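To keep things clear, I will list the structure first and then write my remarks on it.
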Ligand code: FES
């Protein structure tokens with residue numbers, strides 16, 4: 154049990170050291186409209202780019218359901234995010250490929 158606590162603190166510290174946060178709306182509307190898939194794509198992208206300064210997090214409903222799926226990069230809000238838009242966001246905003 155002690156090992157699990159130490160491990161969780163290590164992960165938390167690692168996330169806090171990241172420079173740029175990408176937050177995916179996990180509210181029911183965004184989740185059903187594409188963020189379930191976008192969350193997987195983001196996790197795969199971050200795993201494939203271990204040196205990225207991007208940290209992934211989730212939010213509850215952002216209040217823009219009709220424009221979803223919604224993703225935030227820093228303070229910037231992106232709407233109607235599909236796989237192609239996500240690829241562009243990662244490439245343009247996070248130095249990804
Ligand atoms: S569920 Fe994402 S903005 Fe409402």
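Residue numbers (the numbering used here): 154 to 250. Just so it is clear, CB atoms sit at the ideal spot from N, CA and C, and this is done for glycine as well. The structure displayed is predicted, hence computed values, not measured ones.
Measure the C-alpha to C-alpha separation of residue i and residue j and round it to an integer number of angstroms.
i	j	result
residue 238	residue 175	14 Å
residue 251	residue 204	Any question about residue 251 goes unanswered here, given that the chain covers just 154 to 250.
residue 240	residue 191	10 Å
residue 193	residue 216	22 Å
residue 228	residue 201	24 Å
residue 244	residue 235	14 Å
residue 181	residue 197	22 Å
residue 187	residue 199	18 Å
residue 221	residue 233	5 Å
residue 189	residue 214	14 Å
residue 160	residue 184	Interpretation of residue 160 is limited by its pLDDT of 43, a score under 50 that renders its predicted location unreliable; no figure is taken from the coordinates.
What does a CB cutoff of less than 8 Å around residue i pick up in its chain, not counting 5 residues either side in sequence?
i	result
residue 231	223, 224, 225, 238, 242
Here's a check: name, in chain order, each residue in its chain whose Cβ is nearer than 6 Å to the Cβ of residue i, leaving out the five neighbours to either side.
i	result
residue 212	176, 178
residue 195	209
Once the 5 residues before and after residue i are set aside, which same chain residues still bring their CB inside 7 Å of it?
i	result
residue 210	174, 176
Assuming residue i is part of the beta strand (DSSP E), what are its boundary residues?
i	result
residue 173	173–178
residue 194	Run containing residue 194: none in the beta strand (DSSP E); it sits in the alpha helix (DSSP H), 189–201.
residue 212	207–212
residue 225	224–226
residue 229	229–231
Inset, instruction - Collect the residues with a C-beta less than 5 Å away from any heavy atom of the ligand FES and give them in sequence order along the chain. - result: 178, 180, 182, 183, 214, 215, 217, 218, 221, 223
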